[in-house]
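Mapping of the sequence shown onto UniProt numbering: position 201 corresponds to residue 201, and the numbering continues sequentially without gaps.
We put the beta carbon where it would ideally sit given N, CA and C, even for glycine.
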Amino acid sequence: MNVGIKDFFPSYWNWPLWANSLHESPLFDGSETSLSGDGEYNTNEQSLSSGDVTIPRGSGGGCVRCGPFKDITIHLGPFPRSLLSTTEIPAPGFDYNPRCLNRSLNNFVSIRFTSQTQVTRLLAAANIADFQMVMDHWPATPGGVLGLHGGGHFSIGSTMQDLFSSPQDPAFMLHHAMIDRLWAIWQAADELNRRYAVNGTNQILNPPTAELVTLDMEMEFGILDGNRLVREVMSPLEGGLCYAYT
Numbered sequence: 001m002n003v004g005i006k007d008f009f010p011s012y013w014n015w016p017l018w019a020n021s022l023h024e025s026p027l028f029d030g031s032e033t034s035l036s037g038d039g040e041y042n043t044n045e046q047s048l049s050s051g052d053v054t055i056p057r058g059s060g061g062g063c064v065r066c067g068p069f070k071d072i073t074i075h076l077g078p079f080p081r082s083l084l085s086t087t088e089i090p091a092p093g094f095d096y097n098p099r100c101l102n103r104s105l106n107n108f109v110s111i112r113f114t115s116q117t118q119v120t121r122l123l124a125a126a127n128i129a130d131f132q133m134v135m136d137h138w139p140a141t142p143g144g145v146l147g148l149h150g151g152g153h154f155s156i157g158s159t160m161q162d163l164f165s166s167p168q169d170p171a172f173m174l175h176h177a178m179i180d181r182l183w184a185i186w187q188a189a190d191e192l193n194r195r196y197a198v199n200g201t202n203q204i205l206n207p208p209t210a211e212l213v214t215l216d217m218e219m220e221f222g223i224l225d226g227n228r229l230v231r232e233v234m235s236p237l238e239g240g241l242c243y244a245y246t
């Protein structure tokens, strides 16, 4: 929440609270104060398999028809998972493609990958590399097991499973705020060794040709903001930032 602001709308999705029943979560129950609910049932939705792991389909797969975002139109994508390792969206990726917001809530995923057990494992990580492994499982573990990050995306399904299209689902913002919250909690437990700890490269999946991230690496924000150094965004209370989580 913003520092000094009380009674603010929940700024993050606390995964474990409703991991056993996403449909009953105040965020996804379809009420007027929610982020809307599940999508309509789509008979064409398939289960997902990777290695020895199979993730059954969710309970929806079609358009969201209830709650405040039932009439939202998204425009980007969809994109195949084969683009996961790419650094740029290929043509015609930016073509205008208006369509409904799809969801398929999946308790199988949320129970296994976004539970309090997984959050506790994350906060017990000894260093940033271990933290990243629990959060993202990069490099991917045998069997394609999801981390907390992927677990949140796949528990909502459909649009949220699409790497490039997922920010169009309002749940994306609260999901990533929870990631930021847990990172801040983990950092605060050992300020000296964790506040400015970085690990990995500037590309997804850490390909060998990618550049290692340093605190002095510049991040681009396009039209949203000016460029920032990594070190400027490592604390929620420095570098022009001023917020805290409860």
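Shown here, N102 sits in a strand according to DSSP, grouped into three states. Counted as a single uninterrupted DSSP element, the stretch harbouring T117 is not any beta strand (DSSP E) but the alpha helix (DSSP H) occupying residues Q116 to L123. In the three-state scheme derived from DSSP, where H, G and I count as helix and E and B as strand, M219 is classed as strand. For the pair of segments examined, the stretch 54-72 was found to touch the stretch 36-46: the number of CB pairs separated by less than 8 Å reaches three.
By the beta-carbon neighbour count (other beta carbons within 10 angstroms, threshold 16), E191 is exposed. Of the other Cβ atoms in all chains shown, fewer than 16 fall within 10 Å of the Cβ of M173; this residue is therefore exposed. When C-beta atoms of the stretch 120-138 are compared with those of the stretch 87-95, fewer than three pairs fall below 8 Å, so the two segments do not count as touching. When DSSP states are grouped into helix, strand and coil, E40 belongs to the strand group. Where V230 is concerned, there is no enclosing alpha helix (DSSP H), because DSSP gives it neither an H nor an E. Between H153 and M135, the gap from beta carbon to beta carbon reaches 7 Å or more.
Under the three-pair Cβ rule at 8 Å, the stretch 196-211 does not count as touching the stretch 104-111. Its Cα nearest to that of R231, the residue L241 stands out among T73, G222, L241 and I223. F131 sits buried, since 16 or more C-beta atoms from the chains shown fall within 10 Å of its C-beta. Across the structure, L212 and T33 are spaced so that their CA atoms are roughly 42 Å apart. Between the C-alpha atoms of S155 and N44 there is a straight-line separation of about 18 Å. The beta carbons of Q187 and R195 sit closer together than 7 Å.
A straight-line Cα-Cα distance of about 6 Å links D162 and F79. Close CB contacts of C66 within its chain, under the 7 Å cut and outside five residues either way in sequence, are with G30, S36 and G37 (chain order). Inclusion of T114 and A19 in the CB contact set at 7 Å is warranted, their separation being smaller than that value. Nearest to H75 by C-alpha distance, out of W183, D169, P208 and N42, is D169. Under the DSSP definition of a beta bridge, G61 partners with Y41. If you draw a 10 Å sphere on the C-beta of A171, you find 16 or more other C-beta atoms in it, and that means buried.
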